[in-house]
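Okay, structure first, notes after.
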Amino acid sequence: MSQNSDHISLMSMSASDWLAFQKETCDLSSAVLQEFAERHVDQYEAIETELHNIVGVIERAFHSSQWRDVVSLAFWIRDTLDQYGYGSESLTWMRMGSQAAREIGDVRAELEFLLAQGSIRYKQGDWEEALRLYQLAVEHGEGSQDAEAEYASALWEVATILLERGQREEAATLFQRSLEIYQKRRDGRAGHVYNKLAKIATLAGDYDRAARYFRQALAIWHDYGLERLLHTTYHGFGRMESERGNFEQAQEYLERSLEQKYELGAIPLAGHTLYELGGNAMRAGQPSRAEYYFEESLKIATEFSDLRYIAYNHMQLGKLRLASDEPRYAYIHLRSAWDAATELGIKETRTIANISQDVYRWKFELAQSTGARIHISSGGVVYRDTERGPDVVLLHRTDGNTWHLPKGTAESGETLEETAVREIREETNITGRLVARLADLYSEFPDNSDEWIPKRTTYFLIQAQSGELQCDHEHDKALYIPIEDAPGLLAKTFTFEYEPPVVELAHSFLTTQEQRK
């Protein structure tokens, strides 16, 4: 059963016509569907009330094992919610639909529901759950002739997430599998797969292979009458040519992409291409032109609340200001980039944090030299040796739901080493031995008057000597976790003291020490 395309037209049907359509296409005539059609289908204006009533209808069908009815209702609910802009609210019914479809052996419907759930989870930022759902769709769809297109879509989605996680080889394998299906079906989505394969080749520095993939994508858009999608390939082609140093060719491809996006009215996407034009200008040594493109891209991103590209553009403008020795203006841009990135939760916070160190160090040293207020803190990576390798201590603070390394404010007359040992003992109950000084991180924090205070935190590597791990009153959790897992957990916490690199330094130090034994 595949009704998602048919159901789009149901919004204009009467209750009786809707029921007749269901009987004809799905052989459904249960009392549950009759009740649903008569009571709800024509009341589109009161969508919130509709949804409240629909819950009872589909739940009764679900609990009475009327699986075909559940599948049909779940499709209808999904498309109704999508039409009214409530697509993210359909997760519960998509789960019901996928289970019901599995009960009746409708692989195609099951995969559609799993793909819909994965899409919602992905948009919510829960990539792990999205990946699990997409992988489940791949597992359940393998070998099914009826659900071949949905299976290819599931392969595509898994590959896309793996690529974003840096697993290029695994992603390329899955993209190739989806490409084989699309080619066999003469499906134009093969062009999108070629774009992804070209991106992987670009990341690997294999520019000739990337160019071949891009040309194959362009050929598909022309052969299948999909010229409206040429801009997707020109965008990637331009970025690739820029990275390989062909700046004029890159400019030509990117301008083609930009022109078509404006023609299509795809203004947010035009903003993305303006950003790439800015990057090309930076690589070509044209800072003034780069600034123009980034500013134009930022205007569009701001207009459409595109947090990702707000962060990207502010970050690049901050880089330009740093390069021109304008740290005050760089700070404004990097601060804005950080705010946008943390609100969205994107991985570029690490890049922004690295760039920001120059700005925050400048602010700290300026305040220190003028006698303005500063904050000095000290702490460290506390570790213990285990058979499998080092474990390190992380603390969790409930106000803000943050994980971080133990540290605290230096008291008058203390050395940084003394502060680190004392704060770690107070926060974790662990007494430790100083092994090495790891790094200084520069950041800032707001005081009660909303003034941002420059801060320097010094991190030491500290071996646990005695004491049972426990947290103080400021924290609700204190854990030993494997050192290789700590950066990933810390990376979920977006603070100006971006600590994953500190743990990575500690891991590298301990690995080197072990190798020397």
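Start counting the sequence shown at 563; every next residue gets the next number (my numbering). Ideal Cβ placement from N, Cα and C applies to all residues, glycine included. Values in this document were obtained by computation on a predicted structure and should not be read as measured data.
So is residue i buried or exposed if we call it buried at 16+ other beta carbons inside 10 Å?
i	result
F866	exposed
I986	buried
I829	exposed
R950	exposed
K881	buried
S1028	exposed
T932	exposed
K746	exposed
R897	buried
E1013	exposed
D1009	exposed
Q628	buried
Q738	exposed
K585	Because the pLDDT at K585 is just 43, under 50, the model does not fix this residue reliably, and the value given afterwards should be weighed accordingly. Per the 10 Å Cβ criterion, exposed.
K685	exposed
E1036	exposed
R640	buried
I666	exposed
What span of residues does the alpha helix (DSSP H) with residue i cover, start to end?
i	result
I992	Per DSSP, I992 belongs to no alpha helix (DSSP H) and is neither H nor E.
T764	A752 to L765
T977	Where T977 is concerned, there is no enclosing alpha helix (DSSP H), given that its DSSP letter is neither H nor E.
R851	P849 to E865
R774	Y769 to D785
Q878	L869 to A885
Determine the DSSP secondary structure at residue i, reduced to helix, strand or coil.
i	result
Y1060	coil
L826	helix
E985	helix
E1046	coil
I938	strand
P1008	strand
K585	Model confidence at K585 stands at a pLDDT of 43, short of 50, so the residue's coordinates are unreliable; what they give is reported in the following sentence. It is helical.
L1000	strand
A972	coil
T795	helix
T1073	helix
R946	strand
L1051	helix
E1041	Glu is not the amino acid found at residue 1041; the sequence shown has Leu there. DSSP places L1041 in strand when its eight states are reduced to three.
L1067	helix
Between which two residues does the beta strand (DSSP E) containing residue i stretch?
i	result
T1020	W1014 to S1028
L957	D953 to R959
H1037	H1037 -> no beta strand (DSSP E), and no H or E assigned at all.
T735	Premise fails: T735 lies in the alpha helix (DSSP H), R730 to K746, not in any beta strand (DSSP E).
Taking residue i as the reference, which of the options has the closest Cα?
i	options	result
L1000	T1020, T993 and S1011	T1020
A779	S634, L1003, H754 and L967	H754
R664	Q1075, I872 and L698	L698
T964	R683, I938, D768 and L1052	L1052
L695	E704, G687, Q707 and S681	S681
E888	I639, A772 and W924	W924
S939	R959, L928, R946 and E973	E973
R946	A892, Y893, I1045 and S706	I1045
E712	I723, A781 and R751	R751
P957	E980, D1034 and S634	Before going on, a small fix: residue 957 reads as Leu here, not Pro. That would be D1034, whose Cα lies nearest to the Cα of L957.
A852	A716, L831, L869 and M877	M877
P1063	V943, E1006, E805 and Y1042	V943
R995	A1026, E857, A692 and E989	A1026
E1006	I782, H937 and N991	H937
A843	E821, E814, Q822 and K861	E814
G798	A716, V1065 and F776	F776
N757	I743, A781 and R748	A781
D688	A929, I723, Y874 and L820	I723
G703	A671, D631 and F624	A671
W783	Y769, L928, L759 and D749	D749
A899	R730, R870, A885 and V921	R870
Flag residue i as yes when its Cβ comes closer than 8 Å to any non-hydrogen atom of the ligand ZN, and as no otherwise.
i	result
A934	The ligand ZN is not among the ligands present in this structure, which contains no ligands whatsoever.
- alpha helix (DSSP H) runs contained entirely in the stretch 630-712, provided each spans 4 or more residues: 653-665, 669-685 and 689-703
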